[in-house]
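The sequence shown finishes on residue 480 if you use my numbering, and the numbering steps up by one all the way, no holes. Okay, so here's the structure we're looking at.
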Amino acid sequence: MTTSSQTLTLPQAIRLAADYFNTGELQTAEKICRQVLQAQPENSGALYILALIAIQVENDEAAIALLQKAISSNPSVPDYYGNLGNLFKKQGQFAQTIHCYQQVLALQPNSIKAYNNLGNVFKAQNQLVEAKINFQRAIALKPDWPKAHFGYAVTLLKSGDFIAGWQEYEWRFRDTEIKKIPQLKHPLWDGSPLEGRRLLVHWEQGFGDTLQFIRYLYLIKGGTLIFAGQPQLKQLLESLPCLDIFRVNPFDEEPDIAYDVWMPLLSLPKLFGTTLETIPNQIPYLSPDAQTVETWQTQLAAYTGFKIGIVWAGSPTHANDRNRSCTLMDFAPLAKMPNVVLFSLQTGEATTQPLQEDMEMISLTKSLKDFSDTAAAIAALDLIISVDTAIVHLAGAMGQNVWVLLAFDSDWRWLTERHDSPWYSTMRLFRQTAFGNWGSVFDQVISAFENAFVPSNKKNNAKDAKDAKDAKERFLPF
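Okay, structure coming up:
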């Protein structure tokens, strides 16, 4: 075939298209592949590169069709099955996913990626025994591979085996795909006495991780305790009685403060030998500013209904956000409950999602400058209902009633099957019964709400509804 004034064989054209793909020149790569397919419609190499391009532009259905066609043409290439399995997993089609990864192993019996992928798909289905077996096989083939160790760690933690899980969780420092892991210059603290020394504990990963594990600072005795944290948490955390100094610091910079030893925040559970039975659960361990709470209570006093704060989406950069976030529309049945007033605590891009036509909600977003504001607002509400975001950790740490809406493939910290949390005594968990099915979750929520709250709120519904509507018209963010 001829391309760019050159006459190439089909294999040469495929290699050229692959080079263009690898350098990000997708249009040129696609053009070459289309030319190859004109000459040879079943050319699996061209079909595969087109599938990779479709994956890049998030056209998953096209990618699946192209990969299936490539496999039909040439069923002996492991990468075709591996990428097809990844796409099926993204869609929650777990049986097809497993079949694809098993086909990889049939062609490459020692594929560590296939074993690791099988571990992840079994973990996503909460089949934790099978997940452990496959992660262990990957580790046996490549003992120093951080990705398999981290997957194994998360599986152990999700199964409640904290002692082994924390040990494996240390591999996160070597997994380059895990973001926001600090690497500082001074020695790590080994748990030895701190008298006369300065310990710096550094935040890692996300806001929820900080809010959940900041409780461990209360267990540290002696010496000077410094916490390097995110700026959005400074006002909330700097007055903790267990803390001497709060320092704002990026995760990837050496702190501009003197210290002798340091510890990443999520390594403290390992250091203290935390098991399910010994989780530090003295709730509350976070408190908002009392004066700000009073201001919020005054502002919201006009709403005489049952006040529920809601959050429907997490950070879009989170690896599992497409699964863990629902939509604002999903809350519509809750908005129709008698004597209920919904208040949005949502931030970020998801605040632009539309309300259902007959759905009422008061947005508090513009008044939430940082987590101290959010904490005070939470304290003025009766209940928080949220997907798995930092807000649920904040409410739980404050001892507020919080209901967490969990995806089928939920995070390790929520374990499996339980509807309570050993981390937070005032928390209740509502789980998807099938992948992507938020309807079942909200059915559970409505039923639980009716059982817990509606009987005591049925009186004067009409008056309360009118009062709530009048209050909405008077509400101005402060």
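Don't be surprised by glycine CBs; every beta carbon is placed ideally from N, CA and C.
Listed as beta-bridge partners of residue 124 by DSSP are no residues whatsoever. Between residue 53 and residue 39, the C-beta spacing is not below 7 Å. In this structure, residue 397 keeps its C-beta atom at 7 Å or more from the C-beta atom of residue 298.
Residue state for residue 230 is assigned as strand, using DSSP reduced to three classes.
Put simply, the backbone Cα of residue 455 is about 19 Å away from that of residue 363. The alpha-carbon separation between residue 46 and residue 66 amounts to approximately 13 Å. Runs of beta strand (DSSP E) with 3 or more residues, each lying fully within the segment 392-453, are found at 404-408, 426-433, listed in chain order. Just so you know, the alpha carbons of residue 169 and residue 255 end up roughly 25 Å apart.
In the three-state scheme derived from DSSP, where H, G and I count as helix and E and B as strand, residue 259 is classed as coil. With a contact defined as Cβ atoms closer than 8 Å, residue 224 and residue 243 miss out at about 15 Å. If one requires a minimum length of 3 residues, the beta strand (DSSP E) runs lying completely within the segment 281-363 are 308-313, 342-346, in chain order. Rounded to the nearest angstrom, the gap between the Cα atoms of residue 158 and residue 97 is 23 Å.
For residue 174, no beta strand (DSSP E) encloses it, and the DSSP letter there is neither H nor E. Less than 7 Å separates the beta-carbon of residue 307 from that of residue 341. Within the same chain, 400 come within 7 Å of residue 289 by CB-CB distance, once the 5 residues on both sides are set aside. The residues 367, 370, in chain order, have a CB closer than 8 Å to that of residue 349 in the same chain once the five nearest residues on each side in sequence are set aside. Measuring C-alpha to C-alpha distances from residue 310 to each of 392, 18, 211, 451 identifies 451 as the nearest. Residue 199 sits in coil when the DSSP states are folded into three classes, being neither helix nor strand. Between the beta-carbon of residue 228 and that of residue 202 there is about 4 Å, and that keeps the pair under the 8 Å contact cut. Burial state of residue 326 is buried, judged by a 10 Å Cβ sphere holding 16 or more other Cβ atoms. Annotated as distal: residue 112 and residue 89, with beta-carbon spacing of 7 Å or more. Inclusion of residue 184 and residue 271 in the CB contact set at 7 Å is not warranted, their separation being larger than that value.
No Cβ-Cβ contact shorter than 7 Å links residue 9 with residue 22. In the three-state reduction of the DSSP assignment, residue 190 falls in the strand class. With contacts defined as CB atoms closer than 7 Å, residue 414 and residue 92 fail to qualify as a contacting pair. If the five residues before and after residue 330 are omitted, its C-beta is found closer than 6 Å to the C-beta atoms of 314, 355, all from its own chain and listed in chain order. Within the DSSP bridge table, the entry for residue 389 names 407 as partners.
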